[in-house]
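Colleague: When the letters of the sequence shown are read in order and numbered with numbering that gives the first Met the number 0, they come out as residues 0 to 536.
Glycine is no exception: its CB is placed at the ideal position from the N, C-alpha and C atoms.
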Amino acid sequence: MPTSQITMESERNVDVFEDIVTERLASPSASEVEEQQPADWTNATKDISVPPFTEATGPQHQLPHTASPLDYFSLLWPATVYDTIAEETNRYAAQCQERAGKKDSFWIPTDSHEIKAFLAINIMMGIKQLPRISLYWSQDIALRCPWISSTMSRDRFWKMNQYLHLRDNTGALDKSDPKHDPVFKVRSLMEIVRCHFAQCYRPKCELSVDEGMVAYKGRLYFKQYAPAKPTKWGLKVWMVCEAETGYCLNFNIYTGRRRTLAQNSLGYDVVMDLCHPYFHRNHHIYFDRFFASPTLMEHLESCGTKSCSTTHLNRKGLPPAARTIKLKKQGDVQFFQKGSLLLTIWKDKRQVATLSTNQNAKMIACSGTVKPQSVIEYNKYMGGVDLSDQMRSYYPVGRASKKWWRCVLWYLMNITIVNAWLIFKRSSHDPPLPSRYDHLNFRTSLAKMLRGDYSAGVSRKGRLSLSSGTRYQVTFCNPNAHNVVKIDGRKKVCRECSKHKRKTESGRSVETSFKCEFCEVPLCRISCFKNYHQSLP
Numbered sequence: 000m001p002t003s004q005i006t007m008e009s010e011r012n013v014d015v016f017e018d019i020v021t022e023r024l025a026s027p028s029a030s031e032v033e034e035q036q037p038a039d040w041t042n043a044t045k046d047i048s049v050p051p052f053t054e055a056t057g058p059q060h061q062l063p064h065t066a067s068p069l070d071y072f073s074l075l076w077p078a079t080v081y082d083t084i085a086e087e088t089n090r091y092a093a094q095c096q097e098r099a100g101k102k103d104s105f106w107i108p109t110d111s112h113e114i115k116a117f118l119a120i121n122i123m124m125g126i127k128q129l130p131r132i133s134l135y136w137s138q139d140i141a142l143r144c145p146w147i148s149s150t151m152s153r154d155r156f157w158k159m160n161q162y163l164h165l166r167d168n169t170g171a172l173d174k175s176d177p178k179h180d181p182v183f184k185v186r187s188l189m190e191i192v193r194c195h196f197a198q199c200y201r202p203k204c205e206l207s208v209d210e211g212m213v214a215y216k217g218r219l220y221f222k223q224y225a226p227a228k229p230t231k232w233g234l235k236v237w238m239v240c241e242a243e244t245g246y247c248l249n250f251n252i253y254t255g256r257r258r259t260l261a262q263n264s265l266g267y268d269v270v271m272d273l274c275h276p277y278f279h280r281n282h283h284i285y286f287d288r289f290f291a292s293p294t295l296m297e298h299l300e301s302c303g304t305k306s307c308s309t310t311h312l313n314r315k316g317l318p319p320a321a322r323t324i325k326l327k328k329q330g331d332v333q334f335f336q337k338g339s340l341l342l343t344i345w346k347d348k349r350q351v352a353t354l355s356t357n358q359n360a361k362m363i364a365c366s367g368t369v370k371p372q373s374v375i376e377y378n379k380y381m382g383g384v385d386l387s388d389q390m391r392s393y394y395p396v397g398r399a400s401k402k403w404w405r406c407v408l409w410y411l412m413n414i415t416i417v418n419a420w421l422i423f424k425r426s427s428h429d430p431p432l433p434s435r436y437d438h439l440n441f442r443t444s445l446a447k448m449l450r451g452d453y454s455a456g457v458s459r460k461g462r463l464s465l466s467s468g469t470r471y472q473v474t475f476c477n478p479n480a481h482n483v484v485k486i487d488g489r490k491k492v493c494r495e496c497s498k499h500k501r502k503t504e505s506g507r508s509v510e511t512s513f514k515c516e517f518c519e520v521p522l523c524r525i526s527c528f529k530n531y532h533q534s535l536p
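1. What whole-angstrom Cβ distance do P58 and Y200 have, given they're in contact under 8 Å?
2. Less than 6 Å separating the Cβ of E210 from some heavy atom of the ligand SAH?
3. Using the C-alpha atoms, what's the distance from R391 back to C523?
4. Taking DSSP's pairing of strands, which residues face G233 in a bridge?
5. In chain order, what residues of the same chain have a beta carbon less than 8 Å from the beta carbon of N477, not counting five sequence neighbours either side?
6. At what residues does the beta strand (DSSP E) containing Q336 begin and finish?
7. Expressed to the nearest angstrom, what Euclidean distance is found between the alpha-carbon atoms of S508 and R489?
8. Look at S306 and L312 and say whether their C-beta atoms are less than 7 Å apart.
9. Skipping 5 residues on each side, what residues in its chain have a beta carbon closer than 7 Å to that of Q96?
10. Between the segment 106-126 and the segment 136-148, do at least 3 Cβ pairs fall closer than 8 Å?
11. Helix, strand or coil for G461, going by three-state DSSP, please let me know.
12. How long is the line joining the alpha carbons of L273 and R186, rounded to whole angstroms?
13. Which residue wins for smallest C-alpha separation from K424, given the options G245, S137, Y91 and Y453?
14. Are there 16 or more other CB atoms within 10 angstroms of the CB of R450, so buried, or fewer, so exposed?
15. Note down the Cα distance separating Y541 from K222, rounded to an integer number of angstroms.
16. Kindly indicate which three-state DSSP category V509 falls into: helix, strand or coil?
17. What did DSSP end up calling K370 once you bin it into helix, strand or coil?
18. Shortest alpha-carbon distance to Q61 belongs to which of Q198, P177, H179 and Q94?
19. Going by CA-CA distance only, name the one from W420, N378, H532 and S264 that's closest to S444.
20. Determine whether the beta carbon atoms of I363 and A352 lie at a separation below 7 Å.
21. Would you mind sorting G266 into buried or exposed? The rule is 16 or more other CB atoms within 10 Å of its CB.
22. So what does F250 bridge to, in DSSP terms?
23. Is the Cβ-Cβ distance between Y557 and A242 less than 7 Å?
24. Closest to G211 by CA distance: which of G100, P229, P202 and L129 is it?
25. Pull up the distance between the alpha-carbon of K402 and that of T254, whole angstroms please.
26. In angstroms with no decimal places, state the Cα-to-Cα distance between P521 and A85.
27. The beta strand (DSSP E) that contains T415, what's its start and end?
28. Between which two residues does the alpha helix (DSSP H) holding S104 run?
29. Return helix, strand or coil for F441, following the three-state DSSP convention.
30. So, using beta-carbon positions, are H283 and C365 closer together than 7 Å?
31. Going by C-alpha distance, which of V384, V80 and L129 is nearest R143?
32. Tell me the start and end of each unbroken alpha helix (DSSP H) in the segment 131-212 that is at least 4 residues and wholly inside, in chain order.
33. Please work out which residues of its chain come closer than 7 Å, Cβ to Cβ, to C527, disregarding the five sequence neighbours upstream and downstream, and give them in chain order.
34. Any idea if Q389 is buried or exposed, counting beta-carbon neighbours within 10 angstroms, 16 or more meaning buried?
35. Would you mind stating whether K346 and D331 have Cβ atoms separated by less than 7 Å?
36. May I have the straight-line CA-CA distance separating Q336 from L317, to the nearest angstrom?
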């Protein structure tokens, strides 16, 4: 894709669009415009026929009125996903140990129940954000999160994070293969959630197409730079959302230049691919000038779909006279029409050009000024993708990673939660939802339900484990108590690990920075400390 297309970013308010016309010629008169333009474009405008939108809209499910947030989330993220992640995680752990030629003594195979708890922790980390992951298990009560630390021990969380996987690597094709899929690692999960997004919700008339970003700063050949976006580096995701609510209906990850020569522009292919399921339903699609072209809008028209966008005046197929127009006074407007295709050039603070098949050549009073109808409708319905990104940014799921596909995993889970919340909000409930029940309450409830009764950090006697930090507080004031303290100076070999002949991945003895204050024995802070003292007579 050309650099100009890669760096071109969508702009939301048409008032800040750059002046894209030349200053060499003055604005021609109406008679001169008629003589310069092709016969199919004319200044004589007429009303455009817009068929009514009559499709059924809203959530499409059979859940009872008493359904929980987890039930709504499961509509879009089926239970089979947890089984698949558990299976692939165990497979990847076995492959890593086979390549290393030795067994990881700290790894225990996982299951779907633990995967749910692991994902619940990542959801809660987006709600209670701390600068370091280890702080969630801190002994400092000002930083520790008892809910997370009692769900899973820190060491187990690190191991789960180390071997987390979504798909068997052995099935991936080489990059030189024409059928190579750059997003092979997440393709299966993408297709599952995308299919459920479309099945569980029917949008209203207005849709918006734009690009979102998945933050990522590692090395990746299809990573993009978007200087006008809040997230400037990452993976570009083409999205189509309902304009009013921001519900994501379809999406696709941009993986770089197409291998085969395309007949049409990238913007044309993106819109036609994303919106194909919604053709012949009288939807109205809004997009920015990156995607816009007369060819695209005419093809959408032939598919029973109206559209509206901003546009560059040098696009192929626009009247040549439009390229030289320079409106002088604020409020001046010039219209060109070709069948149902209407080109509007309007002077606000800057000169703005819109192309539409669903608007008429009318000026409407709005916010104390008079604006073209196409500009008003564009500003009203273009922000669907931005609204989805905004809700996704409030509580980011997961943490930054050097592995790009994990960033995509957290993106998929986050957008699924946002969609589930939008379905939940528009569904009936018995009893009715409290007036203050919002997106945050929905996420918190979802995390609690995903965790369920899983609590590996609580002992059988019901006492909090050492990882929660509570035991340290109770016994800290007793000088004869067994307390974990930091070792002054260099690390030492853990007594418990040495006893059980545990080694690091490189074959060295396991060292620790902690010891028992009373016993003066170096021990790993959590499991070894507990096991050592439980074995004492």
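Modeller: Checking against the coordinates, here is how it stands:
1. For the purposes of this step, residue 58 is taken as the residue at position 59 of the sequence shown. For the purposes of this step, residue 200 is taken as the residue at position 201 of the sequence shown. Between Y200 and P58 the Cβ distance is about 6 Å, and since that is below 8 Å, they are a contact.
2. As presented, the structure is devoid of all ligands, the ligand SAH included, so that no description of it is given.
3. Start at 1 with the first residue of the sequence shown, and residue 523 comes out as number 524. Start at 1 with the first residue of the sequence shown, and residue 391 comes out as number 392. The alpha-carbon atoms of C523 and R391 are separated by roughly 38 Å.
4. Your numbering for residue 233 matches position 234 in the sequence shown. Answer is A214 and Q223, bridged to G233.
5. Along the sequence shown, read from residue 1 onward, the residue named residue 477 stands at position 478. Model confidence at N477 stands at a pLDDT of 37, short of 50, so the residue's coordinates are unreliable and nothing is read from them.
6. The residue given as residue 336 occupies position 337 in the sequence shown. Here the beta strand (DSSP E) through Q336 covers V332 to K337.
7. Start at 1 with the first residue of the sequence shown, and residue 508 comes out as number 509. Start at 1 with the first residue of the sequence shown, and residue 489 comes out as number 490. Their backbone Cα atoms lie some 14 Å apart in a straight line.
8. Counting from 1 along the sequence shown, the entry for residue 306 is found at position 307. Counting from 1 along the sequence shown, the entry for residue 312 is found at position 313. No, Cβ-Cβ distance for S306 and L312 is not below 7 Å.
9. Stepping through the sequence shown from its first residue, residue 96 is reached at position 97. Hits under 7 Å: K102 and D103.
10. yes
11. Taking the first residue of the sequence shown as 1, we reach residue 461 at position 462. Bear in mind that the predicted position of G461 carries a pLDDT of just 38, short of 50, making it too unreliable to give a figure here.
12. On the sequence shown, position 274 is the one that residue 273 refers to. On the sequence shown, position 187 is the one that residue 186 refers to. Their Cα atoms are separated by approximately 16 Å.
13. As a working mapping, residue 424 is identified with position 425 in the sequence shown. The shortest Cα separation from K424 among G245, S137, Y91 and Y453 belongs to G245.
14. Within the sequence shown, numbered from 1, the residue matching residue 450 stands at position 451. R450 comes out buried.
15. Any answer about residue 541 is impossible in this case: the structure gives the chain only from 0 up to 536.
16. Looking up residue 509 in the sequence shown gives position 510. Coil at V509, not helix or strand.
17. Translated into the one-based positions of the sequence shown, residue 370 becomes position 371. Strand.
18. Taking the first residue of the sequence shown as position 1, residue 61 is located at position 62. It is Q198 whose Cα lies nearest to the Cα of Q61.
19. Counting from 1 along the sequence shown, the entry for residue 444 is found at position 445. When only C-alpha atoms are compared, the closest one is W420.
20. Position 364 of the sequence shown, counted from the start, is the residue given in the question as residue 363. Position 353 of the sequence shown, counted from the start, is the residue given in the question as residue 352. Taking 7 Å as the Cβ cut-off, I363 and A352 do not qualify as a contacting pair.
21. Residue numbering aside, residue 266 sits at position 267 when the sequence shown is read from its first letter. The residue is buried, with at least 16 neighbouring Cβ atoms inside 10 Å.
22. Numbered from its first residue, the sequence shown carries residue 250 at position 251. DSSP, once it has assigned bridges, lists M238 as partnering F250.
23. Residue 557 cannot be examined here, being either before or after the span of the chain that is shown, 0 to 536.
24. Position 212 of the sequence shown holds residue 211. Nearest of G100, P229, P202 and L129 to G211, Cα basis: P229.
25. Here residue 402 refers to the residue found at position 403 of the sequence shown. Here residue 254 refers to the residue found at position 255 of the sequence shown. Using only the alpha carbons, I get a separation of about 16 Å.
26. Here residue 521 is taken as the residue at index 522 of the sequence shown, counted from 1. Here residue 85 is taken as the residue at index 86 of the sequence shown, counted from 1. The straight-line gap from Cα to Cα measures roughly 34 Å.
27. For this step, residue 415 is matched to residue 416 along the sequence shown. Looking at the DSSP string, T415 is not in any beta strand (DSSP E); the run it does join, the alpha helix (DSSP H), is W403 to K424.
28. Within the sequence shown, numbered from 1, the residue matching residue 104 stands at position 105. Counting along the chain, S104 falls outside any alpha helix (DSSP H), and DSSP gives it neither H nor E.
29. As a working note, residue 441 is residue 442 in the sequence shown. Of the three classes helix, strand and coil, the one that applies to F441 here is helix, per DSSP.
30. Sequence index remark: in the sequence shown, residue 283 carries index 284 (1-based). Sequence index remark: in the sequence shown, residue 365 carries index 366 (1-based). Contact: no.
31. Taking the first residue of the sequence shown as 1, we reach residue 143 at position 144. When only C-alpha atoms are compared, the closest one is L129.
32. 145-148, 153-162 and 183-198
33. As a working mapping, residue 527 is identified with position 528 in the sequence shown. Correct list, in chain order: C493, E495 and C496.
34. The residue you call residue 389 lines up with position 390 of the sequence shown. It is exposed - the Cβ of Q389 has fewer than 16 other Cβ atoms within 10 Å.
35. Position 347 of the sequence shown holds residue 346. Position 332 of the sequence shown holds residue 331. Cβ distance < 7 Å, so K346 and D331 count as in contact.
36. For the purposes of this step, residue 336 is identified with residue 337 of the sequence shown, where counting begins at 1. For the purposes of this step, residue 317 is identified with residue 318 of the sequence shown, where counting begins at 1. Rounded to the nearest angstrom, the two C-alpha atoms are 10 Å apart.
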